[in-house]
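Sequence positions in the sequence shown follow numbering that gives the first Met the number 0 and run 0 to 292.
Using N, Cα and C, we set each Cβ at its ideal position, and we do this for glycine too.
Here's the structure, in structure tokens; my notes come after.
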Amino acid sequence: MHLKTILITGTTGYLGTRLSRRFLDEGYNIIALCLNHSEQFLYSDNSKVKIYYLDTDNIQDIFEENVIDIIIHTATLYGRRNEHLTEMLKANIEFPCSILEMAELSNVKLFINTDTILAKNINSYSMTKSHFADWLQFYSNKFKCVNLKLDHFYGPNDKPVKFIAWIIENLKRNAEKIDLTEGSQTRDFIYIDDVLNAYSCIINNIDKLSNDKINCFEVGTNTRTKIRDIVIMLKELMHNSKTVLNFGAIPYRKNEVLSYEVDTSGLRLLGWKPEVPVREGLKKIIEIEGLNK
């Protein structure tokens, strides 16, 4: 199956930007759907990308003006700023459902949704993501649908709202101390290149995907690492001897998930496997960002 054009939502976010670069380099035509004009899609040559903005462009027009083969949905609202529930519902359910409706009318071949590994009842973010996955299931007999659950992905030049990037930012400026929980939570940290490879693997194996039910995959390394160990590792790799790691200063959040398993067997059957161990991934960030001086 010859596929040429990919619509990517959330292209001003870290994952969306990296996916756009990856698939541009692989020769695909990229259509970037951004939230509004205040957000900038950053790529070395934006002339290769067709950019639309939700605040001024009609979603229907995007599909009428382009022949779209694949949709990768990465846009999401995490609720980090305590957004109202109505905002969460609009961003995480109403908006992607409008994309699904147009996909059905436009002969789209594949829809890849970026989901969270978190359980449905953890918070409003995970609940809205779960509800949209239900709608994806509803549409899964109309075109091929993939629900891709990601654990904590990380990489160079990420925004410091993410945990690892935030720790790096504090260590880089030699903060006097970093207040943390006890750090006994474990997460399956996965390097961004391995995540991008998962998306590529799915697209390259589109003929192996089910036509009549949702294809569910989880992305991780199958190795769990304590939050505490990640922070200590970063401090060591960055040769920071000044910052005090104040473990236990912050209580665990309500409904804090201390540990969970990631099942990558489905992706492995398609030929994907993670290649970057967590320590190597952290070293890559430090080298790329020039923090090992």
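Find the nearest neighbour of W271 within the set S183, D262 and L14, judged by alpha-carbon distance.
D262
Check whether the Cβ atoms of V107 and I70 sit closer than 7 Å, and answer yes or no.
Yes, they are a contact pair.
N-terminal and C-terminal residue of the beta strand (DSSP E) that F246 is part of:
It spans V243 to F246 - the beta strand (DSSP E) in which F246 sits, taken as one unbroken run.
Going along the chain, which residues of its own chain have a beta-carbon closer than 8 Å to the beta-carbon of L104, five neighbours each way excluded?
F62
Is it a yes or a no for the region 132 to 150 touching the region 206 to 217, going by three-plus beta-carbon pairs under 8 Å?
yes
Report the three-state DSSP secondary structure of F188 (helix, strand or coil).
Looking at F188 - three-state DSSP - the assignment turns out to be coil, as it is neither helix nor strand.
Cβ shell of E274 (< 7 Å), same chain only, five flanking positions each side left out
D193
Using a Cβ-Cβ cutoff of less than 8 Å, which residues in the same chain neighbour K234 once the five nearest sequence positions on both sides are dropped?
Cβ within range, chain order: L170, T242 and L244.
DSSP puts L6 in a beta bridge; with which residues?
I30 and I70
Using 8 Å as the cut-off, can you tell me whether the region 118 to 131 makes contact with the region 83 to 96, which would need three or more C-beta pairs spanning the two stretches below that distance?
yes
For N254, which residues in the same chain have their Cβ closer than 6 Å to its Cβ, ignoring the five residues on either side in sequence?
When the five nearest sequence neighbours on each side are left out, the beta carbons in the same chain lying within less than 6 Å of the beta carbon of N254 are those of I121, in order along the chain.
Please say whether I284 and P155 have beta carbons closer to each other than 7 Å?
The Cβ atoms of P155 and I284 sit closer than 7 Å to each other.
So, L290 versus M237, is the Cβ gap smaller than 7 Å?
yes
So L23 and T8 are supposed to be a Cβ contact under 8 Å. How far apart are they, rounded?
Their Cβ separation, rounded to whole angstroms, is 16 Å, which puts L23 and T8 out of contact at 8 Å.
In the structure shown, what three-state DSSP assignment does V230 receive?
The DSSP-derived three-state label of V230 is helix.
Is T113 closer than 7 Å to S125 when the C-beta atoms are compared?
Contact: no.
Tell me whether the beta-carbon of I249 lies closer than 7 Å to the beta-carbon of D178.
Yes, they are a contact pair.
Ends of the alpha helix (DSSP H) at E168?
F162 to K171
Pop quiz: I29 and D68 are said to be a contact at Cβ under 8 Å. What is the actual Cβ separation, rounded to whole angstroms?
The beta carbons of I29 and D68 sit about 12 Å from each other, so the pair does not count as a contact at 8 Å.
Please state whether the Cβ-Cβ distance between F152 and I191 is less than 7 Å.
Yes. Within cutoff.
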